[in-house]
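Start counting at 1 in the sequence shown, then tack on 350, and there's your number in the working numbering. Yeah, the Cβ is synthetic: ideal placement off N, Cα and C, and Gly gets one too. Computed from a predicted structure; not experimentally measured. To keep things clear, I will list the structure first and then write my remarks on it.
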Amino acid sequence: MNHTLTATRRGFLKTTGYVSLAFGIPLDAALSQTAAVTDKPRLPGDLNTHRKLNAWLRVNANQTVTLLVGKVELGQGILTAVTQICADELDIDLSRVQVISGDTALVPNEGVTAGSFSMPYCATAVQYASAEVRAILLGLAAEKLKQPLDTLSVHDGMVSAISGDQVAYWDLVSGEALNREATGQVKPKPAHRHRYIGHSVNRVDLTPKMVGQAMFVQEHRPAGMLFGHIVRPPTYQAKLLSVNLAAVQKMPGVVKAVRNGSFLGVVAKREEQALAAAKAMAASAKWQVDKVLPGHDGIFEWLRKTKPNKRIDTKTQVRAGGEPVVKTMQATYQRPYHMHASIGTSAAIATLGADGVMLIQTHSQSVFETSVAIAKMLGMEPAKVRCQHMQGAGCYGHNLADDAAADAALLAAAVPGNPVRLQYTREQEHTWEPYGSAMEIQVQAGLDAQGHVLDWDLQVWSTPHGTRPSGEPGNLLSARYLEKPFTLPVPVNGGPPNYAADRNAIALYEFPGHKVLTHFITDMPLRASSTRGLGAYANVFAIESFIDELAAAAKVDPVEYRLRFLKDERARDALVKAAKAFGWADWKKTEGRGRGIAFARYKNIAGYCAVALEVEVNRRNGRIRVLRAVASADVGHIVNPDGVSNQIEGGLIQSLSWSLKEEVKFDDTKVLSSDWASYPILTFSEVPPVDVVLIDRPGAPFLGTGEASQGPTGAALANAVFDATGVRFRRLPLTPDRVKAGLTQA
């Protein structure tokens, strides 16, 4: 229920019928979700940075409750989950909860929606805020009804006393009642009193989509809208020498041809006119082009040879004495650059209003940071740029959504008063988005005579996994090509416990000696940023593949071998349940078929996930067919079981696509993967049946789900292929040509 609003804050409050009017939201959109509140007790989740209850909740005169959240809906189901939590804690019907999310003028700044943080941070804040608001409302009801507090009951917002007297929430709140800081001391309800939490309710955004309502920003068509298109340089480093703007300006329907340095764009009355003008502009443009890229076949050598910006001791645990090492094993694993490969290309709509406010409707995951970056790019005050999140046919990670918002704003600034819609072409989306970084991981283990790991040494070579706007224009692509260009800030690697390039590089297994060294390279041959899971996908692929190699060398069952070193009981539970659901103990080997299993706890602090796969490998042509998949997931207290299953299943399918097919190809000048033929993804006919086993932990903290299955799936695939063929593949993706070549050489 992500409403698109164009009203002012004052107008919004007048029209919604709120009884409690004060906002407790910082006006500085740059405030981070991790901003410290050092002089007060820590509150749960994002309540710690947005402590006023009325920053989160409004009790309305029209018998509804408005829930305001900074996290946004990307398809992960967060708005449904927080609606369930709010309704349960307030004792109201689900239909009474109206959600506004991701509007920088109205909601708490919860930072970027990423890293599987929505449940632990946003949902936890909603739970505690709702519980405390309910307690306040009951206290007000006790006063009004003149009845003892502990004798009152609530049903759908109606508070009843034993005497039969009643009063509704909507009649209780007045003035400044909720304009107070949360205490965090009101405990949420126990699990047995939940009506919605723990149940698979219909997603709040599903019905509008099913009936064809324009939910996606790509479908939105405000009145008076103009169409924009931009012209990208032929390569990253190209500089514009000349262009014939005058001829473009005379083309049919063209309202404005725009040049700012090496940034080129056009605004027209109709989309086909804008596209035709952009093509003419591109044809007339002359560029200076450099050849500086290492090519996709040379990227791993480039990673090893390029001096890292930092060498990070991610983990240093030196073994103190004990048995001598009798055998050493080592292997190297590689992942290429990956696209987000969004099915719907990125889009945005921007309007420079008469009040001087730039309103941008966007599917960005970082509306707060992006609004500040765009303001700096345009030379505007941050308060004059307002981003409203709308759902998009997009991705998990940093794709071109932020750039679309910036490009739409640049064009809208040239035609004040007119909404400008911009949507990229498929070629633009494929060739200019920030990719998931190519990585190389080397793992070495020192073993005793029984094959137990004594010393574990893992090294990661990677370029950055985070170049989101973060309030800086240099991370917006077009800002680098302006007449007064902004410089790309030097990327940093995330530290513990989330990490970035080294996310999940620390194995959850307990080894006597355990070292992880990260070679963090800030040079970027290709533009790179956050894809689903960041470095976790490649690191788990390496760890879980190598664990399987160690198990095979020790002639020990892969599940049994993992349990030797896996001491976390919840981790063991997830692994064992996946194996049992798969039928691991009863599985019979047949020619050309294999099974594989892998496990990880995402970031070692979020959801637990184990994946088991059965595959069939055609030795003649190298094709891999995934016959079936089983996953187990422990994400703490489950709010919406169907939502959790969808996330685990979706992550598994996307990971299979990465692992079987996806690789960005490029030469010494430019990206070559410009369409679905040159960058294929998994098709519907190739998706296996997926069985998800959920492990619920009522009363436990909410854990992130969305990225938990990415890493284990890639590793389980490689392990299953080894089981089927006896050949170990360590470079992704496992394309037919690569598999066939490996089988021929074996």
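{"Item": "Provide the residue span of the beta strand (DSSP E) that contains Q434, from first to last.", "Value": "Q434 -> not in any beta strand (DSSP E); alpha helix (DSSP H) instead, spanning 428–440."}
{"Item": "Are the beta-carbon atoms of W811 and H869 separated by less than 7 Å?", "Value": "yes"}
{"Item": "Taking the runs of the alpha helix (DSSP H) that are 4 residues or longer, which of them lie wholly in the region 743–820?", "Value": "751–764, 776–782"}
{"Item": "Here's the rule: buried if 16 or more other CB atoms are within 10 angstroms of the residue's CB, otherwise exposed. What is W1008?", "Value": "buried"}
{"Item": "S741 bridges to which residues according to DSSP?", "Value": "Looking at the sequence shown, residue 741 is not Ser but Gln. Paired residues: F566."}
{"Item": "Work out the CA separation of P394 and G534 for me, nearest whole Å.", "Value": "7 Å"}
{"Item": "Buried or exposed for T501, going by 16 or more other Cβ atoms inside 10 Å?", "Value": "exposed"}
{"Item": "Starting from the N-terminal side, write out each stretch of the alpha helix (DSSP H) that is 4 residues or longer and does not extend beyond the region 451–517.", "Value": "474–495"}
{"Item": "According to the Cβ coordinates, are R882 and E999 closer than 7 Å?", "Value": "no"}
{"Item": "Taking only beta-carbon positions, decide if A904 is within less than 7 Å of chain D.", "Value": "The structure shown has no chain D; it contains just one protein chain."}
{"Item": "Output the distance between the C-alpha atoms of L1097 and S696, rounded to the nearest integer angstrom.", "Value": "Given a span of 351 to 1096 for the chain in the structure shown, any question on residue 1097 remains unanswerable."}
{"Item": "Express the C-alpha separation of G946 and L444 in angstroms, rounding to a whole number.", "Value": "42 Å"}
{"Item": "In chain order, what residues of the same chain lie with their CB nearer than 7 Å to the CB of A479, ignoring the 5 residues before and after it?", "Value": "L397, L403, W406, L407, A532"}
{"Item": "Spatial neighbours of D1170 within its chain, please: CB distance less than 8 Å, with the 5 preceding and 5 following residues excluded, ordered by chain position.", "Value": "The structure shown does not extend to residue 1170, since the chain spans only 351 to 1096, so no value can be given for it."}
{"Item": "Could you spell out where the beta strand (DSSP E) holding L614 opens and where it closes?", "Value": "613–618"}
{"Item": "What whole-angstrom Cβ distance do Y774 and S612 have, given they're in contact under 8 Å?", "Value": "Rounded, the Cβ-Cβ distance is 17 Å, inconsistent with contact."}
{"Item": "Would you call the region 427–446 and the region 462–481 in contact, with 3 or more CB pairs under 8 Å?", "Value": "yes"}
{"Item": "In whole angstroms, give me the CA-to-CA distance for R1078 and E894.", "Value": "13 Å"}
{"Item": "Quick check on this structure: which residue in G747, V447, G514 has the alpha carbon closest to the alpha carbon of N1150?", "Value": "Given that the chain is displayed from residue 351 to residue 1096, the structure contains no residue 1150 and the question cannot be resolved."}
{"Item": "Smallest Cα separation from V639: which of K1020, L916, A1027?", "Value": "K1020"}
{"Item": "Determine, using beta carbons only, whether Y687 and L963 come nearer to each other than 7 Å.", "Value": "no"}
{"Item": "Go to E941, then tell me how far its beta strand (DSSP E) extends in each direction, as first and last residue.", "Value": "Note, E941: premise wrong, no beta strand (DSSP E); not H, not E."}
{"Item": "May I ask you to report which of helix, strand or coil DSSP gives N848?", "Value": "coil"}
{"Item": "Can you check which of these residues, A857, A754, I580, Y849, is closest to V598 by C-alpha distance?", "Value": "I580"}
{"Item": "Who are the near neighbours of V536 in its chain, counting only those whose CB is closer than 6 Å to its CB and skipping five residues on each side?", "Value": "A481, E482, A485"}
{"Item": "For L900, collect the residues of the same chain with a Cβ closer than 8 Å to its Cβ; drop the 5 residues on either side in sequence, then sort them by chain order.", "Value": "M679, A795, L797, G801, V803, Y911"}
{"Item": "Determine, using beta carbons only, whether K665 and I442 come nearer to each other than 7 Å.", "Value": "no"}
{"Item": "Sort out for me which residues DSSP pairs K636 with in a bridge.", "Value": "S592"}
{"Item": "Could you tell me the boundaries of the beta strand (DSSP E) in which Q667 lies?", "Value": "660–667"}
{"Item": "Would the region 1043–1053 count as touching the region 722–729 if we require 3 or more Cβ pairs under 8 Å?", "Value": "no"}
{"Item": "Identify whether H542 lies in helix, strand or coil by the three-state DSSP scheme.", "Value": "helix"}
{"Item": "Taking L591 as the reference, give the member of E833, A473, G489 with the closest Cα.", "Value": "E833"}
{"Item": "Check the C-beta distance from F949 over to A960 and give it rounded, since I have them as a contact under 8 Å.", "Value": "4 Å"}
{"Item": "For L1082, I'd like the list of residues in its chain whose CB is within less than 6 Å of its CB, leaving aside the five on either flank, ordered along the chain.", "Value": "R685, S1009"}
{"Item": "Whole angstroms is fine: what's the gap from T399's alpha carbon to Y471's?", "Value": "11 Å"}
{"Item": "Return helix, strand or coil for A956, following the three-state DSSP convention.", "Value": "coil"}
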